[in-house]
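Taking it in order: structure first as structure tokens, then the write-up.
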Amino acid sequence: MESRVVDCRLLDQKSDLTTRSFDKILRNPEAMSNTIRDCFEALKPGGLLVNESGALGNVAEVHSAIISGLVTQGIPVEQAREASPW
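Here the sequence shown stands for residues 63 to 148, numbered as in our numbering.
This is the structure in structure tokens:
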């Protein structure tokens, strides 16, 4: 599994990404600009957009999923926690 952190407002400036489509996109809740459309357009048909909007408990669930996913891929838990935006 490949993962990258990319500001979706700048996708059109990332030549290595503009011709690709994605299975999943995680959107940072603090970047409240109009990026959802661009994220959706970057998804493969049937892909999933994960959008955290700050409801009670949601960030903790997304945070746990990120840490779990990274650890499952062999990243040490300490390093996974450091990589988290939360």
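Idealized CB from N, CA, C, for every residue including glycine.
Just so you know, these numbers come straight off a predicted model, no measurement behind them.
> Which term fits Leu-110, buried or exposed, when burial requires 16 or more other beta carbons within 10 angstroms of its beta carbon?
Replying inline: On the sequence shown, position 48 is the one that residue 110 refers to. Exposed, because fewer than 16 other Cβ atoms sit within 10 Å of the Cβ of Leu-110.
> Under 9 Å, do Ser-83 and Leu-105 count as touching if we go by C-beta distance?
Replying inline: As a working note, residue 83 is residue 21 in the sequence shown. As a working note, residue 105 is residue 43 in the sequence shown. Yes; because the gap between Cβ atoms is below 9 Å, this pair is in contact.
>> Starting from Gly-136, trace the alpha helix (DSSP H) in both directions and tell me its first and last residue.
In response: For the purposes of this step, residue 136 is identified with residue 74 of the sequence shown, where counting begins at 1. Neither: Gly-136 is in no alpha helix (DSSP H) and is coded neither H nor E.
> Based on the DSSP secondary-structure assignment, which residues constitute the bridge partners of Leu-118?
Replying inline: Stepping through the sequence shown from its first residue, residue 118 is reached at position 56. DSSP lists no partner for Leu-118.
> For Leu-73, which beta-bridge partners are listed by DSSP?
Replying inline: Taking the first residue of the sequence shown as position 1, residue 73 is located at position 11. Leu-73 is not bridged to any residue.
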